[in-house]
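Under our numbering, the first residue of the sequence shown carries the number 1, and numbering increases by one thereafter. What follows is a single structure, written as structure tokens, with notes after it.
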Amino acid sequence: MSSEVASKEGRAAFGSYETWYRISGDLDADKPPVVILHGGPGAAHNYVDAYKHLARRDRAVIHYDQLGCGNSTLLPEKGADFWTPRLFIDELENLVDHLGIRAGFHVLGQSWGGMLGAEYGVTRPNGLKSLTIANSPASMKLWVEEANRLRADLPGDVQETLTRHEQAGTTEDPAYQAATMVFYERHVCRVVPFPPEVTETFDQVVRNPTVYHLMNGPNEFHVIGTLKNWSIIDRLQAVDVPTLIISGRYDEATPATVQPFKDGIKGSRWEIFEHSSHMPHVEEQDACMRVVGDFLDDNDN
């Protein structure tokens with residue numbers, strides 16, 4: 001890909017807190033900007049950095065760290081009742097108004113970010129041009145069922161290590177972390193060793209685990225947090241903007257977890273990247289940027 005696009009960083013006041021953001025490209029470009037919602041929850045923007053390449057098509061790309069992670073206000077003292085999808089919808093709405101883009105913008109959410117994007121989409125916010133749901137489940141019940149199915153295909157000793165430490169409550173043990181990585185290298189990112197921006201996100205979660213642990217749990221397949229009963233399946237008909245769904249052939253967000261988005265959002269389109277797992281924006285970067293960039297171009301008006 002061609003040369004880097006200029007970027008600038010800033011902070012948006014959100015009540016008594018702050019949301020860090022970065023704009024790649026020109027916010028005054030003719031095309032509406034796209035706002036990138038990272039996953040986790042609490043994984044920060046680092047691993048979805050590649051979406052800045054969409055700015056090479058004369059469109060501003062806005063990354064931000066959701067409250068509780070990365071460069072935004074961390075709030076490690078807040079309990080589970082504080083960290084809700086509504087909080088993050090309110091933060092996104094605040095950022096849209098802070099940046100002055102209410103007249104028109106796109107949203108792309110990856111993993112938890114796609115769940116959040118769907119939650120946002122059903123509110124029918126003013127100015128939303130399109131929604132891209134990338135590598136996301138429509139319900140955590142489906143997510144856990146499918147994670148357990150994928151986990152059952154791991155080597156026997158890896159499964160035994162995972163189960164033993166989960167039952168003992170010792171998921172911080174290095175042996176458990178190593179076993180977890182076997183799953184991640186199959187179903188989260190198949191570019192091994194992980195690129196620096198992906199590693200930085202994992203390191204960031206270790207530094208700032210509050211949101212991820214309270215809402216999700218210790219890892220991608222042991223979900224014991226407040227999202228464990230989350231579902232948006234029965235609300236998806238409320239999404240009224242063009243919607244692109246993307247996933248990877250080896251994705252932990254398996255077809256069974258993604259299908260309800262296709263079924264529930266009228267006119268939605270689903271693209272599966274054949275050589276990717278959970279991060280096509282890393283694993284098949286050029287193809288992913290082309291598919292997403294074309295979709296955004298098609299839905300600017």
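Here a beta-carbon is modelled for each residue, glycine too, at the ideal position from N, C-alpha and C.
Fewer than three beta-carbon pairs drawn from the region 40 to 57 and the region 140 to 149 are found closer than 8 Å, and the two stretches are therefore not classed as touching. By the CB criterion at 9 Å, aspartate 153 and histidine 165 fall outside the cutoff. The C-beta separation of alanine 253 from histidine 278 comes to about 6 Å, placing the pair in contact by the 8 Å criterion. In the three-state scheme derived from DSSP, where H, G and I count as helix and E and B as strand, alanine 118 is classed as helix. For the set Lys266, Ala13, Thr73 and Pro209, the Cα lying nearest the Cα of aspartate 97 is the one of Ala13. Looking from the CA of tyrosine 250, the closest CA among Asn135, Val223 and Gly267 belongs to Asn135.
Close CB contacts of threonine 170 within its chain, under the 7 Å cut and outside five residues either way in sequence, are with Tyr176 (chain order).
Shown here for aspartate 90: not one same chain residue has a beta carbon closer than 7 Å to its own, the five before and five after excluded. For the options Pro218, Pro255, Tyr21 and Glu119, the alpha carbon positioned closest to that of isoleucine 232 is the one of Glu119. The DSSP-derived three-state label of tryptophan 20 is strand. Phenylalanine 261 and aspartate 240 have their C-alpha atoms roughly 13 Å apart. Glutamine 110: member of the beta strand (DSSP E) spanning 105 to 110, first to last residue. Taking each of Thr123, Glu185, His106 and Asn94 in turn and checking the Cα distance to leucine 244, the smallest one comes out for His106.
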